[in-house]
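Residue numbers (my numbering), protein chains in the order written: chain A, 1 to 184; chain B, 185 to 368.
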DNA sequence: ACGGCCATGTAACTGGTTACATGATTAC
DNA sequence: GTAATCATGTAACCAGTTACATGGCCGT
């Protein structure tokens, strides 16, 4: 039921196909929600049946046809109801940190490599989030945008994503330093 | 299968009951994994059947008997195997950020209240993590500990938790500032 | 000729959530 | 007397994951 709300938030300003959404979920939405394409397709169908979304078929030449979903009035109302309720506590699942927690009993070279991989991923995400921030800012400064801009929700979630990924990187540096000292 | 690894990491240095683990999962382990008590009891049973854990029954007077689980040799081997594999990408589910993403279509007073609640929770967690850090440091400075200490895995995951929760708090301040300006 | 992108879907399985139940002890 | 803590569990349900399938287009 909560993937449902993430989809409403993702679709409310922008009509999208399942395929588009899968990309957005691995790019910007990944910041606060993750879902596989299969989950999306299934949930989109259910939401259409429930009247929260309407779908229109767009025929394309040279590529497969696609279904573009947009939020209905009923969907808007459901989103508003959701924002009026207490959000559930955040859940996180991070296998890398399990490996680090068990460091004394771990295969250290693998863990070291995994930390490096994580740092690269985080760096890519910082860049991707910053590109999106730049897009919503346009030619305005942060100050100008904050005074008058209209996408302040996405602005805030992107800021959270950027600081999260930056902390990932500096934590990774600390971890690699310590590993270099203690498991040379 | 991955809750399984989180449990092995949590139990490897410390025999615990299901009840103990439920508390640790909402305190320190919450930092990188979340699970409900029911999940834990179910998984602990499965892991015992699989020979990864051994359980001993401790009879108590004035409180219910409990089962203390510890990691077997087979369990140790499974943990090592896990640390040698590529960790899956982190998954996050944060309903508060969905509400913020949809800010322009949201019930703003509720979202504001939810941000405040989140900030309080984060502050409590920072304190809890710091108490645990202080415990593993003992009388040593960070430098001394990093040169000779033996719980460097937990040290690192606690540091990650602390910086994450601190970022939550300063992000919350930013968000409340912007809301005060734009939705007075 | 081969891999990546576009675009959607089915089916089977595993994992996570929620509701409910029990019952004694301790602290206010 | 009421709520919190200790301690475990069953059952039903819902959500998330993995494997597999299809098929044309585009670039190298």
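Every residue, glycine too, gets a C-beta built ideally from N, C-alpha and C.
**Report entry** Contact set for residue 258(B): own chain, Cβ-Cβ below 6 Å, skip 5 residues either direction
**Finding:** Short of 6 Å from the beta carbon of residue 258(B), and not among the five residues preceding or following it, lie these beta carbons of its own chain, in chain order: 235 and 236.
Query raised in the report: Does the count of Cβ pairs from the stretch 154-172 of chain A and the stretch 119-126 of chain A closer than 8 Å reach three?
Result: Verdict: yes, contact present.
Query raised in the report: From which residue to which residue does the alpha helix (DSSP H) around residue 292(B) run?
Result: Counting along the chain, the alpha helix (DSSP H) containing residue 292(B) begins and ends at 292-321.
Query raised in the report: For residue 224(B) versus residue 239(B), is the C-beta spacing smaller than 9 Å?
Result: Their beta carbons are not under 9 Å apart, which means residue 224(B) does not touch residue 239(B) by this criterion.
Report task. Find the nearest neighbour of residue 65(A) within the set 71(A), 57(A) and 72(A), judged by alpha-carbon distance. Result -> Relative to the Cα of residue 65(A), the nearest Cα in the group 71(A), 57(A) and 72(A) belongs to 57(A).
Query raised in the report: Taking C-alpha atoms, which residue in 166(A), 85(A), 7(A) and 111(A) lies nearest to residue 71(A)?
Result: Of the residues 166(A), 85(A), 7(A) and 111(A), the one whose Cα lies closest to the Cα of residue 71(A) is 7(A).
Report task. Can you tell me which of 150(A), 127(A) and 179(A) puts its alpha carbon nearest to the alpha carbon of residue 332(B)? Result -> Among 150(A), 127(A) and 179(A), the Cα nearest to that of residue 332(B) is on 179(A).
Query - Sequence ranges, alpha helix (DSSP H) only - wholly within the stretch 71-97 of chain A, length at least 4 - result: As for any alpha helix (DSSP H) of minimum length 4 sitting wholly inside the stretch 71-97 of chain A, the runs are 73-83, ordered along the chain.
Query raised in the report: For a contact meaning CB atoms closer than 9 Å, what does residue 23(A) contact in chain B?
Result: Within chain B, not a single residue places a beta-carbon under 9 Å from that of residue 23(A); the smallest gap is close to 15 Å.
**Report entry** Counterpart residues of residue 213(B) in DSSP-defined beta bridges
**Finding:** Bridge partners of residue 213(B): none, in fact.
Query raised in the report: Among residues of its own chain, excluding the 5 on either side of residue 216(B), which ones have a beta-carbon nearer than 7 Å to its beta-carbon?
Result: Excluding residues within five positions, the ones whose Cβ falls inside 7 Å are 341.
Requested in this report: Can you pull the chain B residues whose beta carbon is under 9 Å from the beta carbon of residue 142(A), in chain order?
Outcome: Within chain B, no residue comes near residue 142(A); the closest Cβ sits about 10 Å away, beyond 9 Å.
Query raised in the report: Shorter than 9 Å from the beta carbon of residue 253(B) to some beta carbon of chain A?
Result: Closer than 9 Å: no.
Query - Between the CA atoms of residue 62(A) and residue 90(A) - distance to the nearest angstrom - result: Going by the C-alpha atoms only, they are around 42 Å apart.
Query raised in the report: In chain order, what residues of the same chain have a beta carbon less than 8 Å from the beta carbon of residue 85(A), not counting five sequence neighbours either side?
Result: Non-local beta-carbon contacts of residue 85(A) in its own chain, meaning distances under 8 Å to residues more than five positions away in sequence, are absent.
Query raised in the report: Name the chain A residues whose beta carbon is nearer than 9 Å to that of residue 322(B)?
Result: Listed along chain A, no residue sits closer than 9 Å to residue 322(B) by beta-carbon distance, the nearest being about 17 Å off.
Requested in this report: Scan the stretch 293-323 of chain B for residues whose Cβ lies nearer than 7 Å to a Cβ of chain A and list them as they occur along the chain.
Outcome: Taking 7 Å as the Cβ-Cβ cut-off against chain A, the residues of the stretch 293-323 of chain B that qualify are 294, 295 and 298.
Requested in this report: Compare the Cα-Cα distances from residue 26(A) to each of 140(A), 152(A), 160(A) and 129(A) and report the closest residue.
Outcome: It is 129(A).
Query raised in the report: Where residue 228(B) and residue 208(B) are concerned, what is the direct C-alpha to C-alpha distance, given to the nearest angstrom?
Result: Taken atom to atom, the span from the alpha-carbon of residue 228(B) to that of residue 208(B) is near 15 Å.
Query raised in the report: Expressed to the nearest angstrom, what Euclidean distance is found between the alpha-carbon atoms of residue 159(A) and residue 189(B)?
Result: Cα atoms of residue 159(A) and residue 189(B): separation of roughly 32 Å, rounded to the nearest angstrom.
Requested in this report: Tell me the start and end of each unbroken alpha helix (DSSP H) in the stretch 9-68 of chain A that is at least 4 residues and wholly inside, in chain order.
Outcome: Listed in chain order, the complete alpha helix (DSSP H) runs (minimum 4 residues) inside the stretch 9-68 of chain A are 18-26 and 37-49.
Query raised in the report: Can you list the residues of chain B that residue 83(A) reaches, using a CB-CB cut of under 7 Å?
Result: Listed along chain B are 283, 286, 290, 291, 294 and 295, each with a C-beta nearer than 7 Å to that of residue 83(A).
Report task. Let me know the secondary structure DSSP gives residue 138(B) once reduced to three states. Result -> The question about residue 138(B) has no answer here: the residues shown for chain B are numbered 185 through 368.
Query raised in the report: Does the beta carbon of residue 175(A) sit closer than 9 Å to a beta carbon anywhere in chain B?
Result: Yes, contact with chain B.
Query raised in the report: Which word fits residue 83(A), buried or exposed, when buried means at least 16 other C-beta atoms lie within 10 angstroms of its C-beta?
Result: With 16 or more other Cβ atoms within 10 Å, it is buried.
Query raised in the report: I think residue 336(B) touches residue 182(A), with their Cβ atoms under 8 Å apart; what is that distance to the nearest whole Å?
Result: Between residue 336(B) and residue 182(A), the beta carbon gap of about 6 Å places them in contact (Cβ cut-off 8 Å).
Requested in this report: Specify the secondary structure class of residue 334(B) as computed by DSSP and reduced to three states.
Outcome: Collapsing the DSSP output to three states places residue 334(B) in coil.
Query raised in the report: With 16 as the cutoff for other CB atoms within 10 Å, does residue 99(A) come out buried or exposed?
Result: Note on residue 99(A): 16 or more other CB atoms within 10 angstroms of its CB, so buried under the neighbour-count rule.
Query - Three-pair Cβ contact test at 8 Å for the stretch 124-143 of chain A versus the stretch 160-167 of chain A - result: Segments in contact, yes.
Report task. Please check if any C-beta of chain A sits within less than 9 Å of the C-beta of residue 347(B). Result -> Yes, contact with chain A.
Query raised in the report: Between residue 193(B) and residue 263(B), is the Cβ-Cβ spacing less than 9 Å?
Result: A contact, by the Cβ cut-off of 9 Å.
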